[in-house]
Amino acid sequence: MKKWYDPLECDNIVENPFIADTVVLKGVEEFELVRGQLIEKWDKSAWFQASEPKYDGDPDDVLQNAISPPIYSARLRKALDNAGVTGIQYLPVHVLRPDGSPIEGFAIANILNLLPALDFEKSDYDVFEDDYFLPERRGKVRCIRKPVLRRTIIEGYDIFRLMEFKQYIIVSDRFRNIFVANGFTGYSFHQVYTS
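Be aware that the sequence shown starts at 1, since it is given in full-length UniProt numbering, and climbs by one per residue.
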């Protein structure tokens with residue numbers, strides 16, 4: 001039976017990780033990268049940088065950075081592509097050390113699969129209150145403590161975002177197995193159950 005996982009960022013990392021704490025996206029806002037929509041006009045001059053020597057180190061395959069969309073190494077992308085993992089638009093970025101020297105091969109993983117997969121009856125979550133100051137968020141999912149996913153919705157997908165809470169990424173056991181078998185770093189995996 002297929003299993004599903006919450007990929008936990010900044011875990012299973014190299015000993016001295018590179019951390020990109022400065023971000024310039026060049027015409028795209030961070031929220032646009034978690035909507036599950038294709039980015040038509042991507043400025044390839046966008047960059048991420050470790051601003052201080054204390055943040056310089058070895059980059060993980062899932063780069064530690066200051067925004068929520070994941071950034072994947074070339075070798076991780078190649079392994080996923082070779083395995084036929086789909087639903088990701090790769091947006092190339094420049095990754096710079098504090099002295100400005102480049103680290104090649106990274107791209108934001110814009111996850112395009114957006115699925116209404118949360119089982120509201122079995123999941124543990126909170127919603128925004130009816131009097132929340134932003135009316136468009138009232139009654140919508142504010143946080144998820146323990147998701148339970150609807151299996152019939154997610155079958156056939158290796159990576160997706162939850163439509164009900166777009167920041168939440170889920171991966172299949174196939175994705176996890178590729179990641180673990182190749183010794184990639186930057187994610188650990190917490191199993192998520194289905195109904």
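We put the CB at the ideal spot given by N, CA and C, even for glycine.
Simplified DSSP assignment, three categories, for residue i
i: K2; result: coil
i: P69; result: coil
i: L33; result: helix
i: residue 242; result: Given a span of 1 to 195 for the chain in the structure shown, any question on residue 242 remains unanswerable.
i: R150; result: coil
i: R138; result: coil
i: L118; result: strand
i: L25; result: coil
i: V180; result: helix
Pairwise C-alpha distance: residue j and residue i
i: A79; j: F106; result: 14 Å
i: L76; j: Q37; result: 22 Å
i: I178; j: F184; result: 9 Å
i: E104; j: I111; result: 21 Å
i: R137; j: D56; result: 38 Å
Residues bridged to residue i (per DSSP)
i: D11; result: G186
i: A109; result: Y90
i: I169; result: R161
i: P74; result: Residue 74 is actually Ala in this sequence, not Pro. A74 is not bridged to any residue.
i: Y193; result: V148
i: residue 257; result: In this structure the chain extends from 1 to 195, so residue 257 is not present and cannot be described.
i: I103; result: V95
Check: residue i C-beta below 7 Å from any heavy atom of the ligand MN
i: I13; result: Although the ligand MN was asked about, the structure shown includes no ligands whatsoever.
Of the listed residues the options, nearest to residue i (C-alpha basis)
i: V34; options: T22, I71 and W4; result: I71
i: L24; options: D11, E15, W42 and P7; result: A quick correction: the sequence has Val, not Leu, at residue 24. Taking only the C-alpha atoms, the option nearest V24 is W42.
i: E15; options: P59, A66 and A50; result: P59
- Is the stretch 135 to 151 touching the stretch 48 to 55 in the sense that three or more CB pairs, one from each, lie closer than 8 Å? no
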